[in-house]
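Sequential numbering from 1049 applies to the sequence shown in the working numbering.
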Amino acid sequence: MPVPASKSVGGEKRSWRVSPQPLTHTPKTFPSTTPPGMAFALLTSVPPVFGLYTSFFPVLIYTLLGTGRHLSTGTFAVLSLMTGSAVERLVPEPLSGNLSGIEREQLDAQRVGAAAAVAFGSGALMLGMFALQLGVLATFLSEPVVKALTSGAALHVLVSQLPSLLGVPLPRQIGCFALFKTLAAVLTALPRSSPAELTISALSLALLVPVKELNVRFRDRLPTPIPGEIAMVLLASVLCFTSSLDTRYNVQIVGLLPGGLAELPRILADSLPMALVTFAVSASLASIYADKYSYTIDSNQELLAHGVSNLVSSLFSCFPNSATLATTSLLVDAGGNTQLAGLFSCMVVLSVLLWLGPLFYYLPKAVLACINISSMRQMFFQMRELPQLWRISRVDFAVWMVTWVAVVTLSVDLGLAVGVVFSMMTVVCRTQRVQCLALGLAEGTELYRPLRESHKLLQVPGLCILSYPAPLYFGTRGQFRRVLEWHLGLGEGSKEAPEIDASPDAAAEPVRVVVLDCSGVTFADAAGAREVVQLASRCRDAGIHLLLAQCNASVLGTLTQAGLLDRVTPEQLFVSVQDAAAHALERLELNGPKTCTVWV
1049 MPVPASKSVG GEKRSWRVSP QPLTHTPKTF PSTTPPGMAF ALLTSVPPVF GLYTSFFPVL
1109 IYTLLGTGRH LSTGTFAVLS LMTGSAVERL VPEPLSGNLS GIEREQLDAQ RVGAAAAVAF
1169 GSGALMLGMF ALQLGVLATF LSEPVVKALT SGAALHVLVS QLPSLLGVPL PRQIGCFALF
1229 KTLAAVLTAL PRSSPAELTI SALSLALLVP VKELNVRFRD RLPTPIPGEI AMVLLASVLC
1289 FTSSLDTRYN VQIVGLLPGG LAELPRILAD SLPMALVTFA VSASLASIYA DKYSYTIDSN
1349 QELLAHGVSN LVSSLFSCFP NSATLATTSL LVDAGGNTQL AGLFSCMVVL SVLLWLGPLF
1409 YYLPKAVLAC INISSMRQMF FQMRELPQLW RISRVDFAVW MVTWVAVVTL SVDLGLAVGV
1469 VFSMMTVVCR TQRVQCLALG LAEGTELYRP LRESHKLLQV PGLCILSYPA PLYFGTRGQF
1529 RRVLEWHLGL GEGSKEAPEI DASPDAAAEP VRVVVLDCSG VTFADAAGAR EVVQLASRCR
1589 DAGIHLLLAQ CNASVLGTLT QAGLLDRVTP EQLFVSVQDA AAHALERLEL NGPKTCTVWV
């Protein structure tokens, strides 16, 4: 349909300058990031054009430095939401709310500077992490934490877009309980909602949601994903221009495309969680596709790529960016196999920035809000994995729920901190509840198995074989002491009954030889090492011959430095439980006939 170059509405000349060249479409096989980039700029509280900048420069830089062949970088909902909270706190909306055009431009410029400064800080922190080779830090954000974080943030995105959907200009709520404050403000302002923007929102969602579903269900049959977002943006822009919705019905539109450069305020406290989220999401997403397509990624190189991407792009007024879940999935489905695929989306964004920008002047903000909401579909559907997660690991289920509740009720930043701390606490607590396993010889083999797992095991009176499958550090040394005392009948621990795995008849004859299987002790600190040394001394005083088996080099080095060889001889250290048990049997035969008890 031809679009008029100008028209007159109420005496006001409305012009829409368009390049005489035909509209540049996305290449057939690769999706465009233009509409989501503009939409996520609203979450960041900056003008939509800066979403286009963030969809261009970071992609270009990651193409040169990144190792994830299938990764698509740019605007990401969670980071945009976190950045928006920081921007609103650093550059709040004036209480009066009635700003002139010049005052609005000044406020936008300050917010763009704050958002770019956060990106600069995040990039600088990631470069520092790269210099220290801290790529391993990504492991501290477990999968339940990341999924709960994105799912909870999706709910924040949905609620934050309600004012735009309803056409009710409301100040953005920040801090704890911001989601509930926003809901209360929306319900209070509901009678003042705009029928025109409600209609635009309903029609946009009616188009975007089915198109998203078709792209997912028929991804194998479609030669390329249906560009529903691009169609919606163009259709809404044309409709708003031709019908003068902005002047007749006060529909909020994108407006002019301003520019500006960034300054660096005090934003390190905001940059740190964003740097961690950027790296964790990007590294985990890159690892998923690297495993699927049989190649490897370098986590430290990913730190460099995303650090340079955020730092350099901040100089062009971009806000924080990372790998994006939705566009990466679309890119893979469309057949992209290398980083060069991102150059095609860069060309599309560049064409918009250079020639097609005026087309988006009359784009209703309600359409961008609908694009934001429809983009959250994949994040909301992560909750469908909860029943399976409950069956697999209830601890991980608890981590997921605690993180999600913290993100929803507090904020994305605090929810992330709560999730990481709670996840680490579950690891520590599980090391506290580990069972010390008593082992027996499987009949007809040379394998030693836990007594509770096998039906027939041989156990020699006077010989106790124990496996302690947990790290030995200051947090577990007390439990280690109590369990060993109970098994060996030493001190006060022999009167207690800790959570162990043994048979009541196993202690019918006093223990004369004990074999301690250390294969499950992944590390030992100074406190744990001293506990082993003290155990060796108490065993020697009690006439019990202590043998250690399968100590790894690191643990053995720590024990040696703590003075273990002053209490035991090198002949009491063995490379396997079988060798230690054979030595123990020879020692018992010297003191009496060998007898065996069969547990059925």
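Backbone N, C-alpha and C define an ideal beta-carbon position, used for all residues, glycine too. Given the structure is predicted, the values throughout are model-derived calculations rather than measurements.
- Taking the CA atoms as reference points, Ala1575 sits about 7 Å from Arg1525.
- Remark: C-beta atoms of Ser1249 and Tyr1297 do not approach each other more closely than 8 Å.
- The DSSP-derived three-state label of Thr1092 is coil.
- In this structure, Thr1102 places its C-beta atom within 8 Å of the C-beta atom of Ser1361.
- DSSP places Ser1319 within a helical segment (H, G or I) once states are collapsed to three.
- In the same chain as Ser1567, and ignoring 5 residues on each side of it, the C-beta atoms closer than 6 Å to its own belong to Gln1598, in chain order.
- Residue pairing by DSSP leaves Tyr1101 without any beta bridge partner.
- DSSP links Pro1498 through a beta bridge to Leu1487.
- Per DSSP, the continuous alpha helix (DSSP H) segment holding Gln1436 begins and ends at 1434 to 1440.
- By the Cβ neighbour-count rule, Met1130 is buried, with 16 or more other Cβ atoms within 10 Å of its own.
- One Cα belongs to Val1329, the other to Leu1119, and the distance between them is close to 11 Å.
- In the three-state DSSP reduction, Pro1217 falls in the coil class, being neither helix nor strand.
- Here the stretch 1136 to 1156 makes no contact with the stretch 1105 to 1119; the two share fewer than three CB pairs at distances below 8 Å.
- Relative to the Cα of Gln1507, the nearest Cα in the group Leu1495, Phe1105, Val1126, Ala1518 belongs to Leu1495.
- C-alpha of Leu1287 to C-alpha of Leu1175: approximately 46 Å in a straight line.
- Contact between Pro1095 and Ala1087 does not hold, since their C-beta atoms are separated by about 12 Å, which reaches or exceeds 8 Å.
- In the DSSP assignment, Val1569 falls outside any alpha helix (DSSP H), carrying neither H nor E.
- Within a 10 Å sphere around the beta-carbon of Asp1589 sit fewer than 16 other beta-carbons, which makes this residue exposed.
- For Ala1134, the enclosing alpha helix (DSSP H) stretches over residues 1125 to 1138.
- Val1469 counts as exposed, since fewer than 16 other beta carbons sit within 10 angstroms of its beta carbon.
- Ranked by Cα distance from Cys1484, the options Pro1517, Met1473, Leu1505, Arg1500 are led by Pro1517.
- Annotated as proximal: Ala1172 and Leu1359, with beta-carbon spacing under 8 Å.
- For the 8 Å CB-CB criterion, Leu1100 and Val1397 form a contact.
- Boundaries for Gln1158: no beta strand (DSSP E) harbours it, while the alpha helix (DSSP H) harbouring it runs 1149 to 1179, taken from the DSSP string.
- Look at Leu1514 here: in three-state DSSP terms it is strand.
- Arg1137 and Thr1187 have their C-alpha atoms spaced approximately 30 Å apart.
- Following the DSSP letters along the chain, one finds Leu1363 in no alpha helix (DSSP H), marked with neither H nor E.
- Residues of the same chain with a CB within less than 8 Å of the CB of Phe1098, apart from the 5 flanking positions on each side, are Ala1089, Thr1092, Val1160, Ala1163, Ser1365, Cys1366, Phe1367 in chain order.
- Nearest Cα to Val1194 within the set Gly1132, Asp1461, Ile1274: Asp1461.
- Here Ser1423 is not bridged, per DSSP, to any residue.
- For Ala1597, the enclosing beta strand (DSSP E) has its first and last residue at 1593 to 1597.
- The C-beta of Glu1634 has fewer than 16 other C-beta atoms within 10 Å across all chains shown, which makes the residue exposed.
- By the Cβ criterion, the stretch 1606 to 1615 is in contact with the stretch 1576 to 1585, since at least three pairs of Cβ atoms, one from each stretch, lie closer than 8 Å.
- Rounded to whole angstroms, Ala1584 and Leu1538 show a C-alpha spacing of 12 Å.
- Counting only the Cα atoms, Leu1251 lies some 33 Å from Phe1105.
- The way I'd put it, the stretch 1439 to 1449 doesn't touch the stretch 1232 to 1246; fewer than three beta-carbon pairs between them come closer than 8 Å.
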